[in-house]
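Okay, structure first, notes after.
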Amino acid sequence: MTDPGLLEKLILLRKKLHTIPEPSWKEYRTAETIQSFIAEHAVGCDIQELPGTGFMVTCKGLQDGAVTVIRCELDGVPVTESPHNPVRSENAGMSHACGHDGHMAVSAGLAVISGKHRPEKGTVALLFQPAEETGEGAAAVMAHPSFRALKPDYIFGFHNIPGAPAGTVIVRDNIFAFASRGIHITLTGSPAHAADPDAGKNPTAAALEITAALPLSATFPCRATVTYVRIGSPDMGRAPFDADIAITLRAPHGSDLDRYGESVTTMVSDTAAAAGLKVSISWSDIFPETINSQRCTEIVHQAAVLSELSIETPVEPFLWSEDFGYYTQKYRGALLGIGAGNIPPLHNEDYTFPDAVIAPALKLYLGIIRFIHNG
Ligand SMILES: [Zn+2]
Ligand SMILES: [Zn+2]
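Here the numbering used here is used: the first residue of the sequence shown is 18, the next is one more, and so on.
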């Protein structure tokens with residue numbers, strides 16, 4: 018790193034961001050905090066507004082050349098963090114349990130360095146994307162005229178990976194992360210007094226049958242996780258007459274989920290019909306699979322070698338999903354992991370982004386920039 022005090026500044030920025038986690042699309046203070054950091058420390062970079070709270074910091078080189086986008090996420094997660102965490106969220110019910118505070122600090126550092134040391138050719142664009150957790154931000158950014166006009170040649174993003182050796186670069190060609198989507202089911206029967214439950218239509222047995230039937234047998238590696246079940250209400254005088262179920266479905270490809278989704282909705286509709294219940298089904302949180310291009314995977318390998326970082330290629334893709342997959346449907350790109358060491362998993366109340374990940378992530382990205390823009 019060129020500025021010896023920069024790492025300390027980035028750690029302070031990360032901690033500040035950690036105290037103000039905000040929900041998807043409402044990352045107002047987060048965006049303000051980063052923009053004022055960039056205004057103070059990053060000279061000569063332009064800031065362009067994007068949908069919602071999103072923005073992009075572009076650093077142009079002296080000559081024409083490739084356009085590289087490096088993306089980070091602005092949003093927090095609706096998880097109440099543990100009171101034992103060293104730096105605490107000030108926003109009740111929200112935390113940076115996915116480590117996006119750390120990802121943003123790395124990108125802010127890249128803005129400072131790329132402003133000072135312009136790429137020799139081409140453009141480096143640091144994309145601060147809103148609403149990753151809901152799967153909505155990437156598609157909105159891609160539809161925006163400023164982003165489309167940039168015509169990216171390459172796009173990269175990283176996620177910290179708890180459980181993987183600290184500072185190790187994790188990347189694989191082709192599918193890096195699974196596709197996923199959420200299914201919401203409402204079963205509606207008819208109410209009855211709790212003293213005479215048979216007079217109504219009670220959805221309890223059907224709701225339990227549906228959750229017990231998952232995952233349905235499939236010839237492809239699909240997964241189903243029931244994330245929410247509600248049957249009736251705490252009213253002691255009334256038998257349940259409605260139920261809500263939420264399930265996340267995952268598979269290597271979105272096309273697998275089309276087929277799997279169909280078999281799940283058929284099973285749900287048949288179960289509801291057999292119980293004489295009305296059913297409504299809707300979908301949300303649709304994430305495509307993230308497919309890394311071979312070229313970008315090679316660039317990450319070269320950058321890891323240049324930066325003297327160790328590299329691992331997972332045999333199987335990650336089961337979680339990322340809206341980065343929308344970018345890789347259109348642009349050559351790679352999502353990569355940086356090992357976060359032996360810490361609690363993502364979205365866990367005890368999780369906190371380890372600041373030791375900032376330096377290797379910065380090194381790797383600087384290697385990528387050097388390889389593409391200063392070669
Ligand atoms: Zn997350
Ligand atoms: Zn995340």
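In this text, a Cβ means the ideal position worked out from N, Cα and C, and glycines have one as well.
Any non-hydrogen atom of ligand 2 closer than 7 Å to residue i Cβ
i	result
glutamate 98	no
glutamate 315	no
glutamate 325	no
cysteine 115	yes
histidine 35	no
glutamate 366	no
glutamate 90	yes
histidine 58	no
glutamate 149	yes
histidine 318	no
histidine 390	no
histidine 176	yes
Counterpart residues of residue i in DSSP-defined beta bridges
i	result
asparagine 191	Asn309
glutamate 90	Gln146
lysine 133	DSSP, once it has assigned bridges, lists no residue as partnering lysine 133.
glycine 110	Bridge partners of glycine 110: none, in fact.
tyrosine 245	Ala263
lysine 138	Gln80
serine 207	Lys218
valine 186	Ile328, Ile355
arginine 240	Arg267
histidine 176	Gly354
isoleucine 389	Beta-bridge pairing links isoleucine 389 to no other residue.
glycine 384	According to DSSP, which records beta bridges pairwise, glycine 384 is partnered with nothing at all.
CB-CB length for residue i against residue j, believed under 8 Å
i	j	result
alanine 373	histidine 270	At roughly 35 Å, the Cβ-Cβ gap does not stay under 8 Å, so alanine 373 and histidine 270 are not in contact.
glutamate 149	aspartate 92	6 Å
threonine 75	alanine 142	5 Å
arginine 189	leucine 274	So it is not a contact: roughly 20 Å between Cβ atoms.
threonine 307	phenylalanine 145	With 8 Å as the limit, threonine 307 and phenylalanine 145 do not qualify as a contact, their Cβ atoms being about 19 Å apart.
arginine 267	arginine 240	4 Å
tyrosine 343	alanine 155	4 Å
glycine 184	glycine 356	6 Å
asparagine 102	glutamate 39	Their Cβ separation, rounded to whole angstroms, is 17 Å, which puts asparagine 102 and glutamate 39 out of contact at 8 Å.
leucine 363	proline 179	6 Å
valine 317	isoleucine 375	Not really, about 18 Å apart at Cβ, beyond 8 Å.
Residue i beta carbon near ligand 1 (any heavy atom closer than 7 Å)
i	result
histidine 201	no
valine 246	no
leucine 27	no
valine 94	yes
leucine 24	no
leucine 336	no
leucine 363	yes
Residue i burial status per 10 Å Cβ neighbour count (16 or more: buried)
i	result
alanine 160	exposed
valine 285	buried
methionine 253	exposed
glutamate 44	buried
glutamine 80	exposed
glutamine 311	exposed
glutamate 98	buried
tyrosine 245	exposed
asparagine 359	exposed
serine 324	buried
asparagine 177	buried
proline 251	exposed
leucine 352	buried
| said: For a minimum of 4 consecutive residues, which ranges assigned as the alpha helix (DSSP H) are wholly contained in the segment 317-382? | reply: The segment 317-382 contains, as complete alpha helix (DSSP H) runs of 4+ residues, the segments 341-347 (chain order).
| field | Those runs of the beta strand (DSSP E) which lie wholly inside the segment 264-310 and span at least 3 residues | value | Secondary structure within the segment 264-310: the beta strand (DSSP E) runs of 3 or more consecutive residues, fully enclosed, are 295-304, 307-309 (chain order).
| Minimum length 3: unbroken beta strand (DSSP E) runs contained in the segment 28-90 | List check, beta strand (DSSP E) in window: 63-66, 72-77, 80-90.
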